[in-house]
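Remarks on the structure that follows.
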Amino acid sequence: MSAQTRKPQNSGGRKTSSRSPGTRPAGTRPTGSKSSGSKASAQRPNASSTHKTSQQSKGAAVAVRKPSASAKAPSNGKRKKRKKKGSAGFYFIQFLILTVLLGTFAIFAISYGPKIYSLYKEAKELVADSDRSTFMTGQSGMIYDKNGSLITILKGDKDMYYLPSDQIPQEVKDAIVSIEDKRFYKHHGVDPIGILRSAVSLVKKDEITQGGSTITQQLARNVFLTHKVSWERKVQEIFISFQLERLYSKDDILEFYINNIYFSDGYYGIQAASRGYFDQDVSELDLSQIAFLCAIPNNPTLYDPKDHMENTLGRRDRILENMKEDGKISDGQYQQAISEEITLHEKTAVATTSTSADSYITYCAVRALMETDGFEFQSEFDSEEAQQAYQDSYNTLYDQCRQDLYTKGYQIHTSIDMSLQQELQSAIDASLSEYTTLGTEGAYALQGAGVTIDNSTGYVAAIVGARSQEDMPFSLNRAYQSYRQPGSSIKPLIVYTPALEKGYTPDSTVVDRKTEDGPDNSNGKYSGSITLRYAVEQSKNTVAWNLFQEITPKVGLSYLKEMNFSKITDDDYNLAAALGGLTKGATPLEMTSGYAALENGGRYRAPTCIIRITDPAGNSIVETSPEEKQVYTEEAARTMTDILKSVMTKGLGKSARISAMDSAGKTGTTNDNKDGWFVGYTGYYTTGIWVGYDMPRKLPGLYGSSYPSEIWKQFMETAHEGLDPISLP
């Protein structure tokens with residue numbers, strides 16, 4: 017049977033020891049003395065001290081009645097003699113303890129030598145592979161918006177906030193040492209007296225049931241080992257403790273310990289406990305509160321303050337008394353702290369904002385970490401086997417990186433503008449408010465989604481994946497997770513801008529005529545010879561069909577592939593794609609990023625909302641800067657923008673036009689009014705809106721120019737309030 021271990025997570029950085037060989041943190045040796053102990057006993061007598069006083073008085077009376085020669089001897093000599101005998105007895109006890117330990121070790125060494133050696137090697141490797149990041153796992157991730165305000169907290173199994181040593185109050189360190197390991201600064205990881213206590217328990221009961229572990233041993237158990245009780249684990253715990261003391265300073269070990277111990281109610285580390293129980297940072301606590309918290313870890317169930325307040329207070333008092341005896345606090349500080357009433361903060365929900373953006377932020381952050389790890393994303397495969405192998409690899413690394421977000425205390429800084437996020441959510445909710453029918457899972461049946469990209473940076477500024485609904489958490493984010501046929505909104509991306517690159521102009525003559533094998537126009541009307549600009553303004557299906565046939569589906573769809581549209585299949589290479597008839601479709605995020613490329617002079621920037629990710633110490637893990645890829649020629653993109661401006665002033669997009677700002681955009685409606693789209697942009701923002709059912713079905717009155725345009729206009733009007741007008745080229 018082998019001891020169960022947990023392999024420490026390593027950040028990959030160089031392992032360094034923060035303590036030079038042979039050095040110790042200055043000023044950290046406990047200062048308690050016999051004199052101070054006697055003083056404390058005199059001030060606070062107990063049963064044993066009273067008994068001792070009684071015996072001394074009795075002895076004095078007998079001496080008076082029967083004086084002897086020895087009694088006449090100087091009392092100073094007798095005290096010195098007794099002290100000398102006491103010292104000899106103390107050293108004899110130490111010798112006896114060491115003899116028992118050595119004998120026990122010899123028996124184990126003979127019987128279990130090979131096993132013990134393997135445990136030693138494993139312990140040495142575990143500690144050698146560790147660094148500071150090993151002791152920082154379990155911290156919640158923090159997500160911030162573009163202004164640095166907290167959006168939400170990514171909590172895993174632990175609620176933990178790591179503090180470096182210089183941010184841990186000295187009172188916390190003193191309290192922990194006084195109650196958990198008084199000899200912490202004297203031993204080298206293991207206290208022989210504590211080991212003997214455990215060994216005696218093992219011999220008597222054939223199991224280890226009594227404590228005796230040092231702070232270093234507890235740290236070894238909490239971070240590297242399981243809590244299974246066995247002699248193998250105890251031996252390995254000792255070996256790990258020795259190695260920890262060799263690699264790290266006492267201050268490091270105490271820092272690691274204070275941040276990893278459990279304070280009940282889901283809190284790991286003193287900072288999480290301080291926030292949870294008192295709604296304050298630990299730096300703001302007084303002595304009594306600090307001692308109160310330090311009472312909990314010894315037995316988080318017995319000393320859970322919510323269920324056993326009296327137990328916690330009793331141990332708090334013991335800690336304060338220990339600190340006074342150790343000379344860490346004065347009698348006045350002790351009296352004040354012990355008399356203080358403890359009031360717990362009533363736990364409420366963390367003041368963060370749950371939004372549709374949360375899942376998208378997590379998705380982007382995970383992929384950023386994957387890319388940092390060297391993962392290469394792809395969407396085309398030579399065979400099903402290759403695709404399956406890729407998917408397996410993707411899923412494995414995705415899960416690992418997602419776990420890191422929830423456990424390594426990463427600070428995730430995003431481009432999300434919470435004011436825009438809220439306005440986009442409000443616009444979608446208001447426009448669809450009359451539709452209250454619920455779907456099978458309790459969410460509104462008719463849904464909407466939207467994405468906004470900041471054109472100055474290429475970052476996502478807002479993303480909404482569902483209508484908000486009381487008592488219904490955001491789950492499916494349709495803005496990036498739902499693929500729907502885009503209807504006519506796809507035409508500028510795969511038909512008209514490519515046609516402009518082939519030499520067409522806004523004034524080129526095209527023919528709007530019904531053919532036997534061609535599509536109908538949505539209004540059933542045909543205009544004959546018209547300009548290309550007019551064909552776009554009125555969304556003429558016949559013209560788009562014919563032009564797509566001319567440039568070929570292969571060429572037209574290649575632009576989508578260049579812009580990372582991920583669900584283009586072999587079945588899409590037909591003329592129906594010109595009208596948005598894609599087998600699996602596109603997401604609002606993909607459509608919005610495609611239009612953002614038109615606004616950006618034909619240069620595509622892969623959308624993301626992650627600006628940077630840092631570790632708890634502020635070290636950079638991820639830094640992003642959207643790379644530009646020239647997908648369309650700048651001339652073609654500028655010309656397409658000019659045509660789309662006409663859609664807003666003369667065409668089907670007139671209802672979406674916003675005041676005092678140039679805008680360009682295009683409607684989209686699929687067959688039987690199952691999906692409605694509007695995608696457009698100004699010099700500031702590109703926004704895409706989708707409305708429809710999760711399971712596509714007809715909705716009378718749903719067009720790109722109805723609800724989607726209404727949402728787009730309402731949001732964009734608000735988003736541009738106070739901004740100077742910018743002309744589109």
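According to the numbering used here, the sequence shown is numbered sequentially starting from 17. Quick reminder that beta carbons are idealized off the backbone N, C-alpha and C, glycines included.
| Check | Outcome |
| --- | --- |
| How long is the line joining the alpha carbons of Ser146 and Pro180, rounded to whole angstroms? | 17 Å |
| Ordered along the chain, which non-local residues of its own chain (more than five positions away) have a Cβ less than 7 Å from that of Asn590? | Pro569 |
| Determine which residues share a DSSP beta bridge with Leu462 and list them. | Tyr709 |
| The ligand COA and Ala594: does the residue's C-beta get closer than 7 Å to at least one heavy atom of that ligand? | By its list of ligands, the structure shown contains no ligand whatsoever, and the ligand COA lies outside what it can speak to. |
| Assign Gln296 to one of three DSSP states: helix, strand, or coil. | coil |
| Just reading off the beta strand (DSSP E) that Gly390 is part of, what are its end residues? | First-last for Gly390: undefined, no H or E at that position. |
| Quick check on this structure: which residue in Gln485, Arg249, Ile659, Val663 has the alpha carbon closest to the alpha carbon of Lys131? | Arg249 |
| What distance in whole Å lies between the Cβ atoms of Thr703 and Thr371, which are believed to be in contact at a cut-off of 8 Å? | With a Cβ gap of about 17 Å, Thr371 and Thr703 do not count as contacting. |
| How long is the line joining the alpha carbons of Glu362 and Asn276, rounded to whole angstroms? | 24 Å |
| Can you tell me whether DSSP reads Ala639 as helix, strand or coil? | One detail in the question is off: residue 639 reads as Glu in this sequence, not Ala. Strand at Glu639. |
| For a cutoff of 8 Å on Cβ pairs, would you count Tyr264 as touching chain C? | Among the protein chains of the structure shown there is no chain C, as only one such chain exists. |
| Taking the straight line between their C-alpha atoms, what separation do you get for Met664 and Gly601? | 25 Å |
| Tell me whether Pro489 is buried or exposed, calling it buried when 16 or more other Cβ atoms sit within 10 Å of its Cβ. | exposed |
| Is it true that the stretch 295 to 314 meets the stretch 264 to 279, where meeting means three or more beta-carbon pairs spaced less than 8 Å apart? | yes |
| Go to Asp528, then tell me how far its beta strand (DSSP E) extends in each direction, as first and last residue. | 525 to 528 |
| Using a Cβ-Cβ cut-off of 8 Å (strictly less than) and excluding sequence neighbours within five positions of Phe564, which residues of its own chain qualify? | Ile510, Val511, Gly572, Leu591, Ala593, Ala594 |
| Over what stretch of residues does the beta strand (DSSP E) that includes Ala478 continue unbroken? | 476 to 480 |
| Under 8 Å, with one C-beta from each stretch per pair, do the stretch 151 to 167 and the stretch 411 to 431 reach the 3-pair mark? | yes |
| Does the pairing of the stretch 389 to 404 with the stretch 335 to 343 give three or more beta-carbon distances under 8 Å? | no |
| Alpha carbon to alpha carbon, what distance is there between Tyr283 and Val746? | The structure shown does not extend to residue 746, since the chain spans only 17 to 745, so no value can be given for it. |
| I need the DSSP call for Asp408, collapsed to helix, strand or coil. | helix |
| Just to confirm the assignment: which complete alpha helix (DSSP H) runs, minimum length 4, are found wholly within the stretch 576 to 620? | 604 to 615 |
| Mapping the DSSP letters down to three states, classify Ala676 as helix, strand or coil. | coil |
| So Met656 is in the alpha helix (DSSP H); what residue range does that whole segment cover? | 650 to 665 |
| Would the beta-carbon of Gln385 fall within 8 Å of that of Asp408? | The displayed chain sequence assigns Leu, not Gln, to residue 385. No, these two residues do not count as a Cβ contact at 8 Å. |
| Nearest CA to the CA of Thr153: which residue from Lys140, Tyr133, Thr168, Tyr178? | Tyr178 |
| Can you tell me whether Thr32 is buried or exposed, with buried defined as 16 or more other CB within 10 angstroms of its CB? | Note on Thr32: pLDDT 37, under 50, position unreliable in the model; the coordinate value appears next. It is exposed - the Cβ of Thr32 has fewer than 16 other Cβ atoms within 10 Å. |
| Inspect the CB distances between the stretch 435 to 444 and the stretch 375 to 389 and report whether three or more fall short of 8 Å. | no |
| Assuming Thr640 and Thr624 are in contact, meaning their beta carbons sit under 8 Å apart, how far apart are those beta carbons, in whole angstroms? | 6 Å |
| For Trp728 and Arg500, which I take to be in contact (beta-carbon distance under 8 Å), what is that distance rounded to the nearest angstrom? | Going by Cβ atoms, the distance from Trp728 to Arg500 rounds to 17 Å, so no, they are not a contact pair. |
| Leaving out five residues on either side along the sequence, give the residues of the same chain with a beta carbon under 7 Å from the beta carbon of Gln155. | Met176, Tyr177, Tyr178, Thr423, Lys424, Gly425, Pro632 |
| Give the secondary structure of Pro176 by DSSP, where H, G and I count as helix, E and B as strand, and everything else as coil. | In the sequence as presented, Pro is not what sits at residue 176; that position holds Met. If DSSP states are grouped into helix, strand and coil, Met176 belongs with the strands. |
| Please return the same chain residues whose Cβ sits closer than 6 Å to the Cβ of Lys666, not counting the five positions on each side in sequence. | Glu553 |
| Suppose contacts are defined by Cβ-Cβ distances below 8 Å. Is Tyr648 in contact with Gly681 by that definition? | no |
| What are the start and end residues of each continuous alpha helix (DSSP H) run of 4 or more residues lying completely inside the stretch 516 to 565, in chain order? | 548 to 553 |
| Closer than 7 Å by C-beta to Pro83: which residues in its own chain qualify, once you throw out the five before and the five after it? Chain order, please. | Caution applies to Pro83, whose pLDDT of 38 falls short of 50 and renders its modelled position unreliable; the model cannot decide the point. |
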